[in-house]
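Here's the structure we're looking at; comments come further down.
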Amino acid sequence: MFRDCLENVRQKTPLIHNITNYVTVNDCANVLLACGGSPIMADDEAEVEAITSICGGLNLNIGTLNTRTIEAMFLAGHKANALDHPIILDPVGAGASSLRTETAKRLVKDLNLTVIRGNISEIKTLATGSGTTKGVDADLADQVTEENLDQMIAFAKAYAKETGAIIAITGAIDLIADAKHAYVIRNGVAMLSKITGSGCMLSAMTAAYITANQENPLEAVATSVCAMGLCGEQAFAKMQQNQVGSGSFRTYLIDAIDLLDGETLEAGKRYEMR
Amino acid sequence: MFRDCLENVRQKTPLIHNITNYVTVNDCANVLLACGGSPIMADDEAEVEAITSICGGLNLNIGTLNTRTIEAMFLAGHKANALDHPIILDPVGAGASSLRTETAKRLVKDLNLTVIRGNISEIKTLATGSGTTKGVDADLADQVTEENLDQMIAFAKAYAKETGAIIAITGAIDLIADAKHAYVIRNGVAMLSKITGSGCMLSAMTAAYITANQENPLEAVATSVCAMGLCGEQAFAKMQQNQVGSGSFRTYLIDAIDLLDGETLEAGKRYEMR
Amino acid sequence: MFRDCLENVRQKTPLIHNITNYVTVNDCANVLLACGGSPIMADDEAEVEAITSICGGLNLNIGTLNTRTIEAMFLAGHKANALDHPIILDPVGAGASSLRTETAKRLVKDLNLTVIRGNISEIKTLATGSGTTKGVDADLADQVTEENLDQMIAFAKAYAKETGAIIAITGAIDLIADAKHAYVIRNGVAMLSKITGSGCMLSAMTAAYITANQENPLEAVATSVCAMGLCGEQAFAKMQQNQVGSGSFRTYLIDAIDLLDGETLEAGKRYEMR
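Chains as they are written, first to last, in this note's numbering: chain A, 220 to 493; chain B, 220 to 493; chain C, 220 to 493.
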């Protein structure tokens with residue numbers, strides 16, 4: 220039950236170590252608190268192993284990566300693997316530079332990742348080298364649509380099988396897949412792409428969900444993705460009602476994450492299993 | 220027409236590479252999205268040339284500069300020049316330390332900049348070495364006033380001629396000048412200086428405007444400055460009406476940028492040509 | 220009078236140099252502006268001494284510290300001491316890694332600090348090595364309660380005597396102590412710990428208070444702590460009234476800091492001297 224996944228986060232208050240970009244880091248911290256987790260950010264090589272050790276899960280995000288923080292990601296990742304902590308990778312902008320593409324590929328290869336979450340262009344870049352990119356946003360040419368859905372589900376399952384990680388491809392339609400099962404999620408609104416960091420926030424929140432629900436990681440990821448989509452819908456409705464814009468939408472989104480309960484999530488989730 | 224400049228941003232969705240400070244970077248990203256552009260932040264020497272290559276314009280902001288990011292600014296700047304991408308420089312805090320002053324001067328000297336946007340103390344520091352500074356804010360002694368307006372316009376035009384860049388001096392009165400023409404803009408409210416980053420946000424937005432309006436850069440800068448001032452006026456009116464403070468003002472400002480249309484801008488712009 | 224401390228900040232507009240983490244830096248800058256101060260952030264070794272020299276006070280915060288910024292903290296700190304500028308240290312996450320613990324201890328030992336402000340786990344880690352830690356939050360086992368209040372006051376005074384700094388331990392009950400006197404403050408709400416950075420914001424604001432009230436540092440710290448607590452109460456009341464969440468709470472908190480006046484503070488402060 221999605222409700223159980225959500226309530227586990229609120230009851231266990233998972234402590235999440237984040238090595239993430241400086242653009243959206245504040246939103247990630249606030250979303251972790253709002254969903255019921257607890258954030259700590261640390262990216263120096265001299266302390267990332269210690270910080271990972273006191274946490275329950277690790278969130279690696281390569282936006283604004285640099286030589287120093289890349290090394291820290293590997294140190295923290297290996298420590299998290301040694302401790303059996305779940306790790307999520309957000310390959311922000313993979314495809315936009317070879318530094319990002321190669322770093323993300325190395326993280327996928329060297330670490331035992333629980334989840335890889337990105338837009339379709341980022342995931343295609345990692346899986347096949349063929350994704351196009353428009354900076355940190357997905358290219359329209361790559362998009363998951365009703366027409367290519369079967370093919371994209373097969374792609375996600377195949378990449379999950381190859382990597383051993385749950386693959387979360389988010390966009391207008393979200394696909395969450397392991398090697399055998401896929402959730403096709405239709406929560407969410409286009410407005411989420413009009414603020415920076417909605418993907419980063421989702422990855423941070425998903426880190427809390429997989430850490431608090433380790434016996435059930437696929438459902439935990441699906442719950443987190445549904446929850447973010449549903450909160451986006453609520454924030455958008457309020458934005459339109461109040462005739463305001465993207466600044467208020469961002470505030471309403473975090474409000475919605477803070478206020479979301481299991482009952483509302485169960486009533487609002489929109490997905491099918493494939 | 221200012222309306223055309225604004226609509227070009229919304230239609231072309233210019234992708235802007237930002238090397239900027241970590242204080243206001245999130246606001247810069249959200250303002251770029253709100254005005255119709257698309258942001259990417261990247262500051263590692265190993266990827267800035269690649270990132271600039273996939274973008275349309277470059278925003279260089281020296282707040283919280285450091286040895287690593289200074290080098291990245293030059294690499295990205297030379298690449299942008301080679302590709303004929305417009306560049307805007309925001310010399311945050313020039314005059315506050317010799318590192319900032321010297322870095323900004325070197326950027327002006329080595330790169331072919333499209334726009335230099337700062338407060339009067341920062342611009343005077345670069346042009347004449349005589350600006351005083353109060354941290355990242357302009358010193359009252361330097362201020363553009365109705366009394367010294369003729370002299371300041373001549374100063375801006377002369378510095379534009381010297382550098383080949385459009386000079387944008389923003390404050391209570393804004394001056395936007397190339398060697399021959401100047402816009403004197405009277406939009407805006409003092410409240411904009413009660414939140415951090417209103418200058419940084421303006422520079423980021425201006426990067427989108429000059430990228431989407433390359434045949435018409437002077438008007439593009441003037442449009443961006445009027446737009447930010449007008450949105451500040453709208454946000455301030457709403458703040459007073461709701462009897463709230465600077466936290467809400469910041470949200471309302473981004474809302475206003477998101478909602479601004481060409482018609483409202485044409486009706487609200489307040490400037491004269493000199 | 221607390222009123223005088225508050226009004227001194229608004230009248231003197233103290234310029235504060237911040238070397239702080241990238242998670243909450245934007246909130247710190249906005250809170251400094253809202254309370255009447257003026258922020259500048261700079262962390263490069265090549266400029267921190269120059270920046271400190273033009274400022275009135277220094278705020279050192281070790282969240283997301285790294286090798287480069289640690290060195291900058293010592294350079295800025297020694298310069299601030301040479302100039303007799305007040306310094307506040309926020310030992311974010313001391314206890315969570317030896318890098319943080321050792322860096323904080325060295326800062327306490329090498330610098331002449333005016334204030335050390337942290338949660339009880341952080342302060343116990345520094346004073347006795349015995350604090351437990353839950354990342355950047357205090358551990359329940361360490362908490363200041365009505366039952367251990369006498370003992371904790373004695374602890375705070377003893378550590379103040381040892382370090383020569385005012386010790387500010389904030390949590391459900393706040394203790395502000397020098398060697399002889401302690402304020403026990405009961406303003407505040409638990410909601411403040413549901414957003415990231417309320418501690419960082421308090422340290423930044425306190426930097427402004429001690430800089431504008433150098434003849435009266437203990438009362439200045441107490442005023443800042445009461446002010447933040449009272450603003451939290453106002454923000455929480457508004458959040459509940461509007462049935463919104465933590466995103467709005469953060470905005471309301473900054474609004475409240477911006478709007479706070481001496482009369483409201485005097486009416487709302489809740490403390491006793493011990």
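Positions of the beta carbon are idealized from the N, C-alpha and C atoms, including for glycine.
Asked: According to DSSP, residues forming a beta bridge with residue 260 of chain A; Found: A/237
Asked: Contact with chain C by residue 356 of chain B, beta-carbon distance below 8 Å; Found: yes
Asked: Under the three-state DSSP convention, the category residue 349 of chain B falls into; Found: coil
Asked: Members of the region 405-434 of chain C near chain A, C-beta cut-off 9 Å; Found: 412, 413, 414, 415 and 416
Asked: Exposure of residue 425 of chain B, with buried meaning 16 or more beta-carbon neighbours within 10 Å; Found: buried
Asked: Partners in chain C for residue 244 of chain A, counting only beta-carbon separations shorter than 7 Å; Found: 241 and 242
Asked: Closer than 7 Å at the beta carbon, the chain A residues around residue 463 of chain C; Found: 474
Asked: Residues that DSSP places opposite residue 412 of chain C in a beta bridge; Found: Paired residues: none, contrary to the question.
Asked: Integer-rounded CB distance, given that residue 255 of chain C should sit under 8 Å from residue 430 of chain C; Found: 11 Å between Cβ atoms; not a contact.
Asked: Inter-residue Cα distance where the pair is residue 428 of chain A and residue 442 of chain A; Found: 8 Å
Asked: Cβ-based contacts, 7 Å cut-off: residues of the region 298-327 of chain C near chain B; Found: none
Asked: Residues of its chain near residue 422 of chain C, where Cβ-Cβ distance is below 7 Å and the 5 sequence neighbours each way are ignored; Found: 278, 280, 307, 309 and 336
Asked: Presumed contact (8 Å Cβ cut-off) between residue 338 of chain C and residue 357 of chain C, rounded CB distance; Found: 4 Å
Asked: Minimum Cβ-Cβ distance from residue 364 of chain B to chain C less than 8 Å; Found: no
Asked: Straight-line Cα distance separating residue 347 of chain B from residue 496 of chain B; Found: Residue 496 of chain B lies beyond the stretch modelled for chain B, which goes from 220 to 493, so this question has no answer here.
Asked: Sufficient close CB pairs (3 or more, under 8 Å) joining the region 223-233 of chain C to the region 470-489 of chain B; Found: no
Asked: Chain A contact residues for residue 470 of chain C, given Cβ-Cβ distances below 9 Å; Found: 470
Asked: Cβ-based neighbour list, residue 490 of chain C, same chain, cut-off 8 Å, excluding 5 preceding and 5 following; Found: 402, 403, 404, 405, 406, 441 and 445
Asked: Limits of the unbroken alpha helix (DSSP H) element including residue 228 of chain C; Found: 221-231
Asked: Cβ shell of residue 417 of chain A (< 8 Å), same chain only, five flanking positions each side left out; Found: 411, 447, 451 and 472
Asked: Rounded Cβ spacing between residue 258 of chain A and residue 415 of chain C (contact assumed at less than 8 Å); Found: 7 Å
Asked: Residue 228 of chain C and residue 476 of chain C closer than 8 Å at C-beta; Found: no
Asked: Where residue 291 of chain C falls: helix, strand or coil (DSSP); Found: helix
Asked: Backbone secondary structure at residue 403 of chain B - three-state DSSP; Found: strand
Asked: Proximal residues, the region 269-296 of chain B versus chain A, C-beta separation under 8 Å; Found: 269, 270, 273, 274 and 287
Asked: Against chain C: residues of the region 383-403 of chain B by CB proximity under 7 Å; Found: none
Asked: Residue from C/465, C/370 and C/299 with nearest C-alpha to residue 246 of chain A; Found: C/465
Asked: Cβ neighbours of residue 342 of chain B in the same chain (closer than 6 Å, five flanking residues each side left out); Found: 388
Asked: CB contact below 8 Å: residue 446 of chain C versus chain B; Found: no
Asked: Candidates C/396, C/366, C/365 and C/367, of which the one nearest residue 377 of chain C by Cα; Found: C/396
Asked: Interface flag, residue 257 of chain C vs chain A, CB-CB below 8 Å; Found: no
Asked: Any chain A beta carbon closer than 8 Å to residue 225 of chain B; Found: no
Asked: Simplified DSSP assignment, three categories, for residue 484 of chain B; Found: helix
Asked: Contact residues within the region 328-350 of chain C, judged by C-beta distance below 7 Å to chain A; Found: none
Asked: Buried versus exposed, by CB contacts within 10 Å (16 or more), residue 409 of chain B; Found: exposed
Asked: Interface flag, residue 484 of chain A vs chain C, CB-CB below 8 Å; Found: no
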